[in-house]
Amino acid sequence: MKNYLVKYLGKGTAVPVVPSVSHIWWSWLGALVAIGAIAWLSDQAGAPFFMAPFGASCVLVFGVPNSPLAQPRSLVLGHLLAALVGLVVLELFGADWFAMGVAVATAIALMQLTRTLHAPAGATPLVVMLEGADWTFIFTPVLSGALVILCVGLITNNLSRNRSYPEYW
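Residue numbers for the sequence shown follow UniProt numbering, so the first one is 1 and each next one is one higher.
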């Protein structure tokens with residue numbers, strides 16, 4: 001039992017260093033442009049291009065662009081796959097507590113199997129279920145918003161000499 005409890009103390013690894021001012025600046029600018037563009041598109045189209053998990057997607061794409069969780073395949077396909085799972089579970093079981101657990105767990109498993117793990121996409125099935133979304137949700141806001149973040153990520157992350165995005169597709 002004692003050996004098990006030791007795991008909760010952590011490995012003693014140092015806290016990560018504060019990123020450079022340049023890194024913080026480009027992260028800030030990318031998130032500002034991406035979320036601003038999605039919100040502007042929503043206003044112009046009178047349609048929801050926005051969902052809350054996109055804020056967390058920006059943390060990854062702009063804050064840690066080299067992370068496997070931030071790569072284009074994970075950003076776009078992770079959200080799409082999670083939305084699809086949310087829609088299927090909603091159709092089959094409704095939106096009760098157990099169905100929500102099944103949807104998130106299934107989305108995680110499928111993202112792992114397809115190498116598209118994107119942490120913010122774990123919330124996408126919940127958004128689908130809580131909103132009672134229909135099948136158009138896959139295109140707007142999921143695909144459209146993820147593509148805006150991707151395009152802004154490609155531009156802003158590569159404007160800096162010290163950043164490069166993506167690591168892979």
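The C-beta atom is built at its ideal place from N, Cα and C for all residues, glycine as well.
For a test of the three-state rule: what should DSSP assign to W135, helix, strand or coil? Taking the first residue of the sequence shown as position 1, residue 135 is located at position 135. Helix.
Does the separation of the CB atoms of F54 and I35 fall below 8 Å? Residue 54 sits at position 54 when you count from the first residue of the sequence shown. Residue 35 sits at position 35 when you count from the first residue of the sequence shown. Less than 8 Å divides the Cβ of F54 from the Cβ of I35.
Rounded to whole angstroms, what is the Cα-Cα separation between S22 and A109? Taking the sequence shown and counting its residues from 1, the one referred to as residue 22 is at position 22. Taking the sequence shown and counting its residues from 1, the one referred to as residue 109 is at position 109. Answer to the nearest angstrom: the Cα atoms are 36 Å apart.
For S57, does the three-state DSSP call read helix, strand or coil? Within the sequence shown, numbered from 1, the residue matching residue 57 stands at position 57. In this structure, DSSP gives S57 a helical state, which the three-state scheme calls helix.
Looking at the unbroken alpha helix (DSSP H) that takes in S22, where does it start and where does it end? Locating residue 22 in the sequence shown gives position 22, counting from the first residue. Following the DSSP letters along the chain, one finds S22 inside the alpha helix (DSSP H) bounded by residues 21–45.
Using only CA atoms, which one of D96, L41, V152 lies nearest to E131? Stepping through the sequence shown from its first residue, residue 131 is reached at position 131. That would be D96, whose Cα lies nearest to the Cα of E131.
With a threshold of 16 other CB atoms inside 10 Å of the CB of S57, please say whether the residue is buried or exposed. As a first step, residue 57 must be located in the sequence shown, where it is residue number 57. Result: buried.
May I ask you to report which of helix, strand or coil DSSP gives L90? The count along the sequence shown starts at 1 and reaches residue 90 at position 90. Reduced to three states, the DSSP call for L90 is helix.
For V6, does the count of other Cβ atoms within 10 angstroms reach 16, so buried, or fall short, so exposed? Position 6 of the sequence shown, counted from the start, is the residue given in the question as residue 6. By the beta-carbon neighbour count (other beta carbons within 10 angstroms, threshold 16), V6 is exposed.
Taking T136 as the reference, give the member of L87, P19, S74, K11 with the closest Cα. Locating residue 136 in the sequence shown gives position 136, counting from the first residue. For T136, the nearest C-alpha among the options comes from L87.
Leaving out five residues on either side along the sequence, give the residues of the same chain with a beta carbon under 7 Å from the beta carbon of E167. The residue labelled residue 167 in the question sits at position 167 within the sequence shown. Exclusion of the five residues before and after E167 leaves N66, Q71 as the residues of its chain whose Cβ lies within less than 7 Å of its Cβ.
Measure the Cβ-Cβ separation of L81 and A107 and say whether it is below 8 Å. Position 81 of the sequence shown holds residue 81. Position 107 of the sequence shown holds residue 107. Going by C-beta atoms, L81 is nearer than 8 Å to A107.
In terms of residues, what are the limits of the alpha helix (DSSP H) holding N158? As a working mapping, residue 158 is identified with position 158 in the sequence shown. Here the alpha helix (DSSP H) through N158 covers 144–159.
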